[in-house]
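When we follow our numbering, the leftmost residue of the sequence shown carries the number 1, and every step to the right adds one.
Backbone N, C-alpha and C define an ideal beta-carbon position, used for all residues, glycine too.
For clarity, every value in this text was computed on a predicted model and none was experimentally measured.
Taking it in order: structure first as structure tokens, then the write-up.
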Amino acid sequence: MGASPLLNYEVREYLLEKWGRKCAYCGAEQTPLEIEHIIPRSKGGSNRVNNLTLACVPCNQKKSSRDVNEFLAKKPEILKKILGQAKASLRDAAAVNSTRWKLYETLKSYGFPVEIGTGGRTKFNRRTQGFKKAHWIDAACVGESGEHVAIPHLKPLLIKCMERGNRKACKTDKYGFPNKWRTRQKVFFGFQTGDMVIAHVLTGKHTGVYVGRVSMRKSGQFCLSIGRDTEGKKEKKDGLHRRFFRTLQRQDGYSYGF
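This is the structure:
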């Protein structure tokens with residue numbers, strides 16, 4: 001397709017939504033998909049979106065320039081489904097779009113500066129600038145202003161829902177036999193797992209000041225989750241004595257980090 005890169009992104013996003021992000025011919029998922037002409041251009045087909053579908057590389061190569069009726073002659077059910085879906089509209093997407101426009105008009109009526117854009121353009125802006133996929137980055141890359149986004153060291157606050165415990169009376173070994181009995185006590189030395197704390201560690205290999213979510217032990221040696229390192233792996237400081245800790249916020253069922 002000889003259209004602009006942005007238009008190609010728009011068309012591709014439309015087709016991904018329409019065809020369920022899988023190969024139309026074999027149903028393969030989680031694999032590279034190529035835009036494919038249902039009726040080849042060499043046989044009178046056009047570049048209109050109702051003549052386009054998505055195919056995995058093996059199916060695209062196998063079909064080559066053959067007509068879809070010839071390619072799926074022995075699979076009439078798949079052929080019928082493809083020809084029917086090619087002419088179908090995205091009804092669910094249309095409903096979402098109508099809601100989106102109503103939201104847009106409402107926000108504008110309050111005088112807020114609002115900018116909108118398609119999902120294809122957002123993806124185009126994000127990829128051309130080399131950003132990874134994340135909802136907050138997509139929000140920054142929406143519309144015309146999203147073509148030039150600077151995110152040097154900005155990290156969003158990550159909030160994750162955490163469990164408050166479970167009803168297991170004991171832990172088991174690999175054979176399913178009880179090997180550790182759980183205590184009914186949740187609070188030790190004034191701390192409970194999930195509390196947000198600050199730790200002023202004065203001695204040892206972990207000397208420094210840390211803020212994070214604490215996992216307590218009745219021994220008084222706690223583990224502190226302080227976020228993620230430069231590679232995105234969870235970073236913890238284990239074996240810190242309780243005397244170094246001070247509570248910032250009692251556990252509320254969520255963890256917080258950057």
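- Member of Gly84, Arg243, Gly257, Gly119 whose CA lies at the smallest distance from the CA of glycine 220: The shortest Cα separation from glycine 220 among Gly84, Arg243, Gly257, Gly119 belongs to Arg243.
Which residues DSSP lists as bridging valine 211, in chain order: Partner(s): Ile198.
- Message: So for threonine 172, helix, strand or coil by DSSP?
- Response: DSSP places threonine 172 within a strand segment (E or B) once states are collapsed to three.
Subject >> Through-space distance from isoleucine 137 to phenylalanine 131, alpha-carbon basis >> reply: Taking the straight line joining both Cα atoms gives about 7 Å.
request  = Consult DSSP for tryptophan 19 and reduce its assignment to one of helix, strand or coil.
outcome  = If DSSP states are grouped into helix, strand and coil, tryptophan 19 belongs with coil.
In three-state terms, what does DSSP make of isoleucine 226?
-> For isoleucine 226, the three-state secondary structure derived from DSSP is strand.
TODO: Answer yes or no: do asparagine 60 and glutamate 36 have a C-beta to C-beta separation smaller than 8 Å?
DONE: The answer is yes: Cβ separation under 8 Å.
### Message
Just to confirm before moving on: does the CB-CB distance between tyrosine 259 and lysine 160 stay below 8 Å?
### Response
Residue 259 falls outside the range modelled here, since the chain spans only 1 to 258, and no answer is possible.
Say whether the segment 39 to 59 touches the segment 74 to 86, bearing in mind that this needs 3 or more beta-carbon pairs closer than 8 Å, one atom from each stretch.
Yes, the segment 39 to 59 is in contact with the segment 74 to 86.
Same chain, Cβ closer than 6 Å to serine 42, five either side skipped, listed in chain order = Result list for serine 42: Ser65, in chain order.
Margin query: Just to confirm before moving on: does the CB-CB distance between lysine 180 and lysine 174 stay below 8 Å?
Written below: Their beta carbons are not under 8 Å apart, which means lysine 180 does not touch lysine 174 by this criterion.
Legend entry - Span of the beta strand (DSSP E), counted from its first residue to its last, around alanine 55: Counting along the chain, the beta strand (DSSP E) containing alanine 55 begins and ends at 52 to 56.
* Validate contact between the segment 145 to 157 and the segment 13 to 31 using beta carbons, cut 8 Å, 3 pairs -> Result no; under three Cβ-Cβ pairs closer than 8 Å.
Here's a check: name, in chain order, each residue in its chain whose Cβ is nearer than 6 Å to the Cβ of lysine 63, leaving out the five neighbours to either side.
If you ignore the 5 residues before and after lysine 63, its C-beta comes within less than 6 Å of the C-beta of Phe71, all in its own chain and listed in chain order.
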